[in-house]
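See structure below.
In the working numbering, the protein residues as written are 1040 to 1160.
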């Protein structure tokens, strides 16, 4: 084999290797790591708890007010579950519970204020 033929073989092999690596990176390897965000579900439940407790312990609250507060409390679980299921599609991110994060999470966006506003808390 001549030096020129060997050079052609090396170049063809390099081009085929580059094409295979590009195909792997495009179709097989994950394109990027998922975006992450934080949600403090415990805070949302505490806020709703305070709201309901304020109505229940109020001395001048009517029985209807108390029943409505209990009804809102029972609907809150369904309401927050539905909202949490919709959030990943809306933000295009993976949502982590704040309690599941060890250490400081100041670099992760916090969706708690947005969810609190949407729930009217």
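By construction, the Cβ of each residue, glycine as well, lies at the ideal position given by its N, Cα and C atoms.
Note that the coordinates shown come from a computational prediction; the quantities given were computed from them, not determined experimentally.
Requested in this report: Note down the Cα distance separating residue 1045 from residue 1057, rounded to an integer number of angstroms.
Outcome: 18 Å
Query raised in the report: Among 1097, 1048 and 1151, which has the Cα closest to the Cα of residue 1136?
Result: 1151
Report task. Tell me residue 1076's beta-bridge partners as DSSP assigns them. Result -> 1134
Query - Own chain residues within Cβ distance below 7 Å of residue 1109, not counting five before or after - result: none
Requested in this report: Check each candidate in 1052, 1077, 1059 and 1157 and name the one with the smallest Cα separation from residue 1142.
Outcome: 1077
Requested in this report: State the Cα-Cα distance for the pair residue 1139 and residue 1047, rounded to the nearest angstrom.
Outcome: 56 Å
Query raised in the report: How about residue 1133 and residue 1154: do their beta carbons lie closer than 9 Å?
Result: no
Query raised in the report: Contact check, residue 1119 vs residue 1158 under 8 Å by CB: the rounded distance?
Result: 7 Å
Query raised in the report: Is the distance from the Cβ of residue 1126 to the Cβ of residue 1075 below 9 Å?
Result: no
**Report entry** Residues bridged to residue 1149 [DSSP beta-bridge criterion]
**Finding:** 1077
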